[in-house]
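Chemist:
Numbering (the UniProt record's numbering), first residue to last: 1 to 332.
#1: Whole angstroms is fine: what's the gap from residue 298's alpha carbon to residue 155's?
#2: Grab the span of the beta strand (DSSP E) containing residue 213 for me, first residue to last.
#3: Verify whether the separation of the beta carbon atoms of residue 201 and residue 3 is less than 8 angstroms.
#4: Any idea what DSSP makes of residue 154, helix, strand or coil?
#5: With a threshold of 8 angstroms on Cβ separation, who are the neighbours of residue 243 within its own chain once the five nearest residues in sequence on each side are excluded?
#6: Is the distance from the Cβ of residue 148 to the Cβ of residue 116 below 8 angstroms?
#7: Beta-carbon within less than 6 angstroms of residue 333's beta-carbon, same chain only, minus the 5 sequence neighbours each way: which residues are those?
#8: Does the Cβ of residue 12 have 16 or more other Cβ atoms within 10 Å, making it buried, or fewer, making it exposed?
#9: The alpha helix (DSSP H) spanning residue 94 covers which residue range?
#10: What does DSSP give as the partner residue(s) for residue 239 in the beta ladder?
#11: For residue 269, which option in 262, 247, 45, 283 has the closest C-alpha, if you only look at C-alpha atoms?
#12: Checking the sheet assignment: what are the DSSP bridge partners for residue 288?
#13: For residue 325, collect the residues of the same chain with a Cβ closer than 6 angstroms to its Cβ; drop the 5 residues on either side in sequence, then sort them by chain order.
#14: Under three-state DSSP, which class holds residue 7?
#15: Contact between the segment 284-291 and the segment 186-195: three or more CB pairs below 8 angstroms?
#16: Whose C-beta lies closer than 8 angstroms to the C-beta of residue 183 among residues of the same chain, with five residues either side of it excluded?
#17: Going by alpha carbons, who is nearest to residue 23 out of 302, 204, 89?
#18: May I ask you to report which of helix, strand or coil DSSP gives residue 124?
#19: Can you say whether residue 15 is buried or exposed, counting buried as having 16 or more other CB atoms within 10 angstroms of its CB?
#20: Assuming residue 370 contacts residue 265 (C-beta within less than 8 angstroms), just tell me the rounded distance between them.
#21: Using the three-state DSSP reduction, which class does residue 164 fall into: helix, strand or coil?
#22: Rounded to the nearest angstrom, what separates residue 311 and residue 239 at their Cα positions?
#23: In this structure, how does DSSP classify residue 88 when only helix, strand and coil are distinguished?
#24: On the CB-based measure, 16 or more other CB atoms within 10 Å of its CB, does residue 105 come out buried or exposed?
#25: Reducing DSSP to helix, strand and coil, say where residue 311 ends up.
Given below as structure tokens:
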């Protein structure tokens, strides 16, 4: 099934949270909605699920207009950030709960729960209660509960945000493999740019209830449509400098140039810069520079880092420069 949002608006009283969102998730596509806190990501997900009413616009799943349908009539499955497991039920009972309330025979529900648990690697945990499970194990149970419903659309609300860094990497790989195996239109929201770039077939960048850009991870990274996307995706964020500033000749005057930290080159040629501080991050060093009235950051191999307080020279290739309109923030 496909998922389509057409001009979707959501308002809480006089405050509008979503401003006419248009979005389509293809059959078997994993689309990640990426944005900062307060962008409207969870509101968008809840509008699709039917948990938040839509003020205007249309939500369709396949050929069905589900805009005014109750959550139980939409055939969607949602995985919450907090997992939302019943603490008094075992993992098996949590997974099968949605089937039981829909009057699926207990034996059939138990077998489907067992199969779903096995598919996400928590088959050995079925007799345990949530309090006896780690964060990663609870996440697997929550995923199994979504899978067992065989929904038309999967909705994932920041499902990895409560996990530690190592487990987050592991679960990212498992989620990607699971989606490749199971398929289904999947809408996944997160504030984590790495998660979005790794998992998404496409990414929709959301800002203040409006979509800034939709594209593949490579398109979002290589051709950001706005200065917001350019700086939100990337760590350290993209450097933005006036075209007639410390690195002239890379774009016409009056424009804004964007250069990713990894594309700034330090050496004996180019604009003079002073090194304000250096942050060593494993094999990389983030070198924070002062170029006259402007600042920038370069990412270079740690072994090549200059000393704090020293002077260096900075340059960039034309091919690595992004050009934006300083008034609208849009890519030129």
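Note that beta-carbon positions come from the ideal geometry of N, C-alpha and C, so glycine has one too.
Modeler: In brief:
#1: 37 angstroms
#2: 210-215
#3: no
#4: strand
#5: 250, 251, 252, 253, 254, 255, 256, 257, 323
#6: yes
#7: Outside the displayed span of the chain (1 to 332) sits residue 333, for which this structure offers no information.
#8: exposed
#9: 91-101
#10: 259
#11: 247
#12: 277, 297
#13: 332
#14: strand
#15: no
#16: 27, 28
#17: 204
#18: helix
#19: exposed
#20: No statement about residue 370 is possible, as the shown extent of the chain runs from 1 to 332 and does not include it.
#21: coil
#22: 19 angstroms
#23: coil
#24: exposed
#25: strand
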